[in-house]
Amino acid sequence: MDTNAFTFISLKEQLPPIIPRKNIEKFFGGLLTERSMANMAWRGEGPAQIKVGRNAAYETEVLLRWLDSRTKEEKPKVKKETVA
Numbered sequence: 001m002d003t004n005a006f007t008f009i010s011l012k013e014q015l016p017p018i019i020p021r022k023n024i025e026k027f028f029g030g031l032l033t034e035r036s037m038a039n040m041a042w043r044g045e046g047p048a049q050i051k052v053g054r055n056a057a058y059e060t061e062v063l064l065r066w067l068d069s070r071t072k073e074e075k076p077k078v079k080k081e082t083v084a
């Protein structure tokens, strides 16, 4: 694995300590949406959440570690040359 590879946890100092679910798109540029996070929470697949009444939020470090655990490095596809 590349030691210079991007990790989400490296963003920890640039983000607030808690991210409300309703603002998740703002912090992750659409990579995560409020609806997708709510769906994952309902299925028990998302990161641990904090609930206050009907509002949900995520501890930033927990969210970033969860994202890192789900990240896969895509390798470029190599075109196969056909032999005539």
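Heads up, the sequence shown is in my numbering, so the first residue is 1 and it goes up one at a time.
Ideal Cβ placement from N, Cα and C applies to all residues, glycine included.
Is it right to say residue i is buried, meaning 16 or more other beta carbons lie within 10 angstroms of its own, or is it exposed?
| i | result |
| --- | --- |
| residue 63 | buried |
| residue 21 | buried |
| residue 44 | exposed |
For residue i and chain D, any beta-carbon pair shorter than 7 Å?
| i | result |
| --- | --- |
| residue 68 | Protein chains in the displayed structure number just one, and chain D is not present. |
Using 7 Å as the threshold, is the C-beta distance between residue i and residue j below it?
| i | j | result |
| --- | --- | --- |
| residue 61 | residue 26 | no |
| residue 50 | residue 41 | no |
Would you report the Cα separation of residue i and residue j, rounded to the nearest angstrom?
| i | j | result |
| --- | --- | --- |
| residue 31 | residue 5 | 18 Å |
| residue 36 | residue 54 | 16 Å |
| residue 39 | residue 48 | 13 Å |
| residue 17 | residue 78 | 41 Å |
Spatial neighbours of residue i within its chain, please: CB distance less than 7 Å, with the 5 preceding and 5 following residues excluded, ordered by chain position.
| i | result |
| --- | --- |
| residue 34 | 21, 22, 24 and 25 |
| residue 28 | none |
| residue 19 | 27, 57, 58, 60 and 63 |
In its own chain, which residues sit with a C-beta less than 8 Å from the C-beta of residue i, not counting the 5 before and 5 after it?
| i | result |
| --- | --- |
| residue 9 | 61, 64, 65 and 68 |
Just to confirm my understanding: we take residue i, look at its own chain, exclude 5 residues before and 5 after, and list those with CB closer than 6 Å. What are they?
| i | result |
| --- | --- |
| residue 96 | The chain is shown only over 1 to 84; residue 96 falls outside these bounds and no answer can be derived. |
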